[in-house]
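Asker: If you read the sequences in order, they're chains A and B.
For the numbering used here, count along the first sequence from 1 and bump the result up by 148.
For the numbering used here, count along the second sequence from 1 and bump the result up by 148.
From the three backbone atoms N, C-alpha and C, an ideal C-beta is built for every residue, glycine too.
For clarity, every value in this text was computed on a predicted model and none was experimentally measured.
Number of protein chains: 2
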Amino acid sequence: MPKSGRPTSKDVAQAAGVSQSTVSIVLAGKAAGRISDGTAQAVREAADRLGYRPNLAARSLRLGQTRTVLLVVPTLSSLFFGAVYTGAARVAAEHGFGVVVYPWPDVAGPAENPFAAAHEAIDGILASSMAVDVLDGLDPLPRVMLDSDPEGEAPTVNFDVAEGMRAVAGHLAALGHRRIGHVAAAVDAWTFRARAEVLSAAVRDLPGGELLRDHTEIEISAARTAAGRLLDRPDRPTALVCDDDLIAAGACKAARGRGLDVPADVSVTGFDDMLIAAAVEPELTTVRLPAEELGARGMAALLELLDGRRPGSVSLPGRLVIRASTAAAPRG
Amino acid sequence: MPKSGRPTSKDVAQAAGVSQSTVSIVLAGKAAGRISDGTAQAVREAADRLGYRPNLAARSLRLGQTRTVLLVVPTLSSLFFGAVYTGAARVAAEHGFGVVVYPWPDVAGPAENPFAAAHEAIDGILASSMAVDVLDGLDPLPRVMLDSDPEGEAPTVNFDVAEGMRAVAGHLAALGHRRIGHVAAAVDAWTFRARAEVLSAAVRDLPGGELLRDHTEIEISAARTAAGRLLDRPDRPTALVCDDDLIAAGACKAARGRGLDVPADVSVTGFDDMLIAAAVEPELTTVRLPAEELGARGMAALLELLDGRRPGSVSLPGRLVIRASTAAAPRG
DNA sequence: CTGAAAGCGCTTACAG
DNA sequence: CTGAAAGCGCTTACAG
Numbered sequence: 149m150p151k152s153g154r155p156t157s158k159d160v161a162q163a164a165g166v167s168q169s170t171v172s173i174v175l176a177g178k179a180a181g182r183i184s185d186g187t188a189q190a191v192r193e194a195a196d197r198l199g200y201r202p203n204l205a206a207r208s209l210r211l212g213q214t215r216t217v218l219l220v221v222p223t224l225s226s227l228f229f230g231a232v233y234t235g236a237a238r239v240a241a242e243h244g245f246g247v248v249v250y251p252w253p254d255v256a257g258p259a260e261n262p263f264a265a266a267h268e269a270i271d272g273i274l275a276s277s278m279a280v281d282v283l284d285g286l287d288p289l290p291r292v293m294l295d296s297d298p299e300g301e302a303p304t305v306n307f308d309v310a311e312g313m314r315a316v317a318g319h320l321a322a323l324g325h326r327r328i329g330h331v332a333a334a335v336d337a338w339t340f341r342a343r344a345e346v347l348s349a350a351v352r353d354l355p356g357g358e359l360l361r362d363h364t365e366i367e368i369s370a371a372r373t374a375a376g377r378l379l380d381r382p383d384r385p386t387a388l389v390c391d392d393d394l395i396a397a398g399a400c401k402a403a404r405g406r407g408l409d410v411p412a413d414v415s416v417t418g419f420d421d422m423l424i425a426a427a428v429e430p431e432l433t434t435v436r437l438p439a440e441e442l443g444a445r446g447m448a449a450l451l452e453l454l455d456g457r458r459p460g461s462v463s464l465p466g467r468l469v470i471r472a473s474t475a476a477a478p479r480g
Numbered sequence: 149m150p151k152s153g154r155p156t157s158k159d160v161a162q163a164a165g166v167s168q169s170t171v172s173i174v175l176a177g178k179a180a181g182r183i184s185d186g187t188a189q190a191v192r193e194a195a196d197r198l199g200y201r202p203n204l205a206a207r208s209l210r211l212g213q214t215r216t217v218l219l220v221v222p223t224l225s226s227l228f229f230g231a232v233y234t235g236a237a238r239v240a241a242e243h244g245f246g247v248v249v250y251p252w253p254d255v256a257g258p259a260e261n262p263f264a265a266a267h268e269a270i271d272g273i274l275a276s277s278m279a280v281d282v283l284d285g286l287d288p289l290p291r292v293m294l295d296s297d298p299e300g301e302a303p304t305v306n307f308d309v310a311e312g313m314r315a316v317a318g319h320l321a322a323l324g325h326r327r328i329g330h331v332a333a334a335v336d337a338w339t340f341r342a343r344a345e346v347l348s349a350a351v352r353d354l355p356g357g358e359l360l361r362d363h364t365e366i367e368i369s370a371a372r373t374a375a376g377r378l379l380d381r382p383d384r385p386t387a388l389v390c391d392d393d394l395i396a397a398g399a400c401k402a403a404r405g406r407g408l409d410v411p412a413d414v415s416v417t418g419f420d421d422m423l424i425a426a427a428v429e430p431e432l433t434t435v436r437l438p439a440e441e442l443g444a445r446g447m448a449a450l451l452e453l454l455d456g457r458r459p460g461s462v463s464l465p466g467r468l469v470i471r472a473s474t475a476a477a478p479r480g
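1. Mind pulling the chain B residues with CB within less than 7 Å of Ser208(A)?
2. Which residues, taken in chain order from the region 427–438 of chain B, show a beta carbon closer than 8 Å to some beta carbon of chain A?
3. So the candidates are Arg192(B), Val249(B), Arg207(B), Phe340(B); which of them puts its Cα closest to the Cα of Leu218(B)?
4. In chain A, what lies closer than 8 Å to Val404(B) by C-beta?
5. Taking C-beta pairs closer than 7 Å, name the residues in chain A that Leu227(B) reaches, listed in chain order.
6. Under 8 Å Cβ-Cβ, which residues of chain A neighbour Thr156(B)?
7. Determine the extent of the alpha helix (DSSP H) in which His319(A) is found, giving its start and end residues.
8. Between Ile368(B) and Gly329(B), which are expected to be in contact by the criterion C-beta below 8 Å, what is the C-beta distance as a whole number of angstroms?
9. Using a Cβ-Cβ distance under 8 Å, would Ala266(A) count as near chain B?
10. From Ser172(B) to Ala195(B), what does the alpha carbon distance come to, in whole angstroms?
11. Along the chain, where does the alpha helix (DSSP H) containing Pro186(A) start, and where does it finish?
12. Short of 9 Å Cβ to Cβ, which residues in the region 409–428 of chain B face chain A?
13. Is there a Cβ of chain A sitting closer than 8 Å to that of Val249(B), yes or no?
14. Within this structure, are the beta carbons of Pro253(B) and Leu224(B) separated by less than 8 Å?
15. Look up Ile470(A) in the DSSP assignment and say whether it is helix, strand or coil.
16. Closer than 8 Å, CB to CB, is Tyr233(A) near chain B or not?
17. Met447(A) lies in the alpha helix (DSSP H); which residues open and close that run?
18. Grab the span of the beta strand (DSSP E) containing Thr417(A) for me, first residue to last.
19. Can you tell me whether DSSP reads Gly405(B) as helix, strand or coil?
20. Ala275(A) by DSSP, collapsed to three states: which one?
21. Just reading off the alpha helix (DSSP H) that Ala241(B) is part of, what are its end residues?
22. Is the region 412–428 of chain B touching the region 440–452 of chain B, taking contact as three or more C-beta pairs under 8 Å?
23. Measuring CA to CA, which of Pro290(B), Ile183(B), Pro382(B), Met313(B) is closest to Thr304(B)?
24. Taking the alpha carbon of Asp380(B) as the reference point, which residue from Asp392(B), Leu394(B), Ile395(B), Leu360(B) has its own alpha carbon closest?
25. Please determine whether the Cβ atom of Ser461(A) lies at a distance below 7 Å from any heavy atom of the ligand HEM.
26. Quickly, what does DSSP pair Gly329(B) with across the bridge? List them, please.
27. Looking only at its own chain, which residues have a Cβ that is under 8 Å from the Cβ of Ser415(B), when we skip the five neighbours before and after it?
28. Could you check what DSSP says for Ser169(B) in three-state terms: helix, strand or coil?
29. Please identify, using Cβ separations under 7 Å, the residues of the region 365–380 of chain A that lie next to chain B, in order along the chain.
30. Between Val469(A) and Asp308(A), what straight-line distance do the alpha-carbon atoms span, to the nearest angstrom?
31. Spell out whether any CB of chain B is found under 8 Å from the CB atom of Ala195(A).
32. Would you verify that the beta carbon of Ala176(B) is, or is not, closer than 8 Å to some beta carbon of chain A?
33. Going by beta-carbon coordinates alone, are Gly272(A) and Leu437(A) separated by less than 8 Å?
34. So, helix, strand or coil for Val428(B), using DSSP?
35. So, helix, strand or coil for Arg215(A), using DSSP?
36. Within 8 Å of any Cβ in chain A, is that where the Cβ of Thr214(B) sits?
As structure tokens, then:
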């Protein structure tokens, strides 16, 4: 009978007429061959009756581990990271782990670091799409980097963005586009640097190819402005390759605002294939990035790491999804 | 000097030549008038030098509280809940609390309940947009309900959706619309029931008003189908009121697919004013719901509750945002 | 097959 | 102004 508040294992022990150790062993599922069936049964019944749930703080303290992982993402104002969380949480749950999301530095601000936070009681870290080195010199906890520079110390799980971007370039080249605008994300992250490099190389290798580049925040109205600058040039590109579906949505608005038809006058491509790609008209040709799988594979790798093994780095294929925002280049 | 792993307050005490209690008092910021400045200084230096951070599990165990709150949301596949989290986390951080997100039952599945999860070491619960009674009979932890039926036991923080829906109806009525279709969300939640009731009443009060209603998941292609059913009726509505911006995006596609212009032939309204409302063309007339403030006010209320006070229920105004998807009803 | 004891790292009365 | 001690609730060697 608990005096007050939540029952403890001591209360269960008393109710079942056994010792605290017996309760612990039974409820941990380690009774086999150690505790008689009758006793085990009595313990479980008492626990049920009292509504006993173990105090996790005490267990963590005793065990020196929390079975909780911190997922650091740049923002939750993007469906992408919701999907990463979902994948990570699913795999974690299968192994009795919880996932705590920490949007950083978006919400917490750069001053606070993820490890000074109140929910810092964690066993490991999964960090997605962080600017280079931003996590360096912080906590030495086991860590897997998602969608990040593979040159770092920690194991990575990445998308094959190079392949994705080459597919975009190939698709546009086949449609006869030669003068291509890159509406690039003004974000210091590995994935965007990789995309820019690959696109530059692909256009360079294209006979008569010419690349114009401008930068923008990943946000519709800023993207519209940046894309507009490209479209207002005398040597107007016939295709706009955008680093994100949101940027592509802005680029479509810029085109329409200038009386240009997408895709008849300008082709536009996105990247990610999030919800918005299929919401706008015309629906976007884009590269599908399996965000949920990124989270799932990342968590699997972190669990390996926590288990003392050394996971290999993983690269997940992206896939070109051809929809209605690309068409043959207009005759120049 | 820590033997291995993380330094503890004992290590800091030894390094500073003081007792563990002194370390605890100094680092908790309670030194004033109790510990000499020199000693306090020495403790802080030693802690810095060793890179000491308190073990949260131990602190939680000792204090009987975790300074962590669980935010239960139906899904993270919606920007709305990302915004709720952001607001809640900001207020929580100001009070030294952390927020753990738990998408339920979307990710965890209905079988698992939020309190059996590994990250269950929490002081209170913030639950947003849950189906009625779904949390009843679970953990008796202090709780605030967001965007939920105000008839329940727990304090609520809600949007004034009635006012928002009346504004939509008034706007359409002023534009001359009489035959109005409601593309309603097929989701068992207070907010959607409230919207349906208010819209029904508003159209009933409109001379010559007629309401047609169909239901859909909150998802573009399903919404397109549902809106299509309404548009295919012989008594085709001249306006489609949608329970969500995503549904409105689908409704626009349905209209366009039938050669109908939005807004010349059909007006369409959304609800929420999330990203997508300004991404599609025409941009959506919709009701802006301050999701971040919902999270912030909810957390403030929960903090009050945790503090032993009884917070009042709050209703946050929505605001009609008129954009390009509504226009005068076509002459019938 | 079961129990008594120790100890994880912290904070807080209490003693001096 | 500072220290020694107790105890939060758990799990795991160890003893019997």
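Answerer: Reading it off the structure:
1. Ala205
2. Ala427, Val428, Glu429
3. Val249(B)
4. The question names Val, yet the displayed sequence has Arg at residue 404(B). Going along chain A in sequence order, the residues near Arg404(B) (Cβ under 8 Å) are Glu429.
5. Ser225, Leu227
6. The contacting residues do not exist; Thr156(B) stays about 11 Å from chain A at best.
7. Per DSSP, His319(A) belongs to the alpha helix (DSSP H) from 309–322.
8. Not quite, the Cβ-Cβ distance comes to about 17 Å (not below 8 Å), so this is no contact.
9. Reliability fails at Ala266(A), whose pLDDT of 49 lies under 50, so the model's placement of it is uncertain and no value is given.
10. 11 Å
11. At residue 186(A) the sequence reads Gly, which differs from the Pro that was named. Start and end: 185–198.
12. Leu423, Ile424, Ala426, Ala427, Val428
13. yes
14. no
15. coil
16. Closer than 8 Å: yes.
17. 439–454
18. 415–417
19. helix
20. Three-state DSSP puts Ala275(A) in a strand.
21. 227–242
22. no
23. Pro290(B)
24. Leu360(B)
25. In the structure shown, the ligand HEM is absent, as is every other ligand, since no ligand is present at all.
26. Leu360(B), Leu388(B)
27. Sequence-distant partners of Ser415(B) (beyond 5 residues in either direction) whose C-beta falls short of 8 Å from its own C-beta, in its chain, are Leu320, Leu323, His325, Thr386, Ala387, Leu388, Thr433, Ser473, Thr474, Ala475, Ala477.
28. Ser169(B) falls in the helix class under three-state DSSP.
29. Ile368
30. If you take the alpha carbons of Val469(A) and Asp308(A), they lie about 15 Å apart.
31. no
32. no
33. no
34. coil
35. DSSP places Arg215(A) in coil when its eight states are reduced to three.
36. yes
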